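Numbering (our numbering), first residue to last: 543 to 873. Using N, Cα and C, we set each Cβ at its ideal position, and we do this for glycine too. These numbers come from a predicted model, not from an experiment. Worksheet: one structure, shown below.
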């Protein structure tokens, strides 16, 4: 038997006449599949367990439900967030890689790392800020101080005898300590760890004396009586812990706020950016998410991409001055 090839248009017409045209269209995929049609990677430039990790996972959970695709957190710690940030910059600009930009990766690193392997201005597109929060100054129970003034006095009497931990150089906990040293005239040693969680765990174990660390990570240990909280690094007390003083009550003007926002590699199509922005705005407005953030000591932040960009610019200037005065370097 011989078969004669016929044009596609004629075949469709024949199919329609046979009553199967609707079925033909139903199984033919659209030329451009709706976004998103596969999981989205959420690159976090820090390790698991810290404030950025916890807040990212809470946001990813709600975004997954809203967008009908899994938003999977991908921890890429190291070098104060620069390793993970480079992953974001180098990713395909198709909307399937989003990331966190933080005070460390977007502001501090510019002055602390001489040669960044990427240009944060040309390589990243800012979408919106998601949260802000103070760090907490906490000490081991064995350190004989129970207030910020007592810590300052003890540190002055014991120069370079106290060690404070952080989740790595260039992080806000690191620079919180450097700013504290400068404003109080004290001398303390900085001990960087690979993650903020390890920095707190080793302080509980007595390897270091104190930390200026993510409030969401430190607060549960303070409440459990494992370490002693002395103050928060915001200008005013935190609603999550109103009985804990602000460091600024003893050191006027002292302020450090950890913050984060959503960034994308440059070149993502405008319709995809619009979809992502809408979904992120919806997630951040959820009362349940706000409550979870508040329990951890984090304030949900909003605003436009331009406002996020202005925040980054202001923080770049602030931390450049702190780094220059302190002589801090990337270990």
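In this structure residue 639 does not touch residue 625 by the C-beta definition: roughly 15 Å separates them, more than the 8 Å allowed. By a beta-carbon distance limit of 8 Å, residue 670 contacts residue 804. Their separation comes to about 6 Å.
Under DSSP, the beta-bridge partners assigned to residue 673 are 802 and 842. When Cβ pairs closer than 8 Å are counted between the two stretches, the segment 698 to 708 is seen not to touch the segment 643 to 654, the count staying below three. A direct Cα-Cα distance of roughly 21 Å separates residue 842 from residue 786. For residue 707, the enclosing beta strand (DSSP E) begins and ends at 705 to 708.
Secondary structure remark: continuous alpha helix (DSSP H) runs of at least 4 residues inside the segment 603 to 654, in chain order: 624 to 632 and 651 to 654. For residue 595, the CB contacts under 8 Å within the same chain, skipping 5 residues up- and downstream, are 586, 588, 589, 615 and 617 in chain order. Going by DSSP, residue 662 is part of the alpha helix (DSSP H) stretching over 662 to 665. Only residues of its own chain outside the window of five on either side were considered, and among them 725, 789 and 790 have a CB closer than 6 Å to the CB of residue 796, listed in chain order. By the C-beta criterion, the segment 659 to 669 is judged to be in contact with the segment 841 to 859, since at least 3 inter-stretch pairs fall below 8 Å. Within the DSSP secondary-structure output, residue 678 pairs in a beta bridge with 755 and 774. Straight across, the Cα-Cα distance linking residue 727 with residue 869 is about 14 Å. For residue 605, the number of other beta carbons within 10 angstroms of its own is at least 16, and it is reported as buried. With a 10 Å radius around the Cβ and a threshold of 16 neighbouring Cβ atoms, residue 756 comes out buried. For the pair residue 830 and residue 824, the Cα-to-Cα distance works out to about 12 Å. DSSP, read as helix, strand or coil, puts residue 830 in helix. Residue 585: member of the beta strand (DSSP E) spanning 582 to 586, first to last residue.
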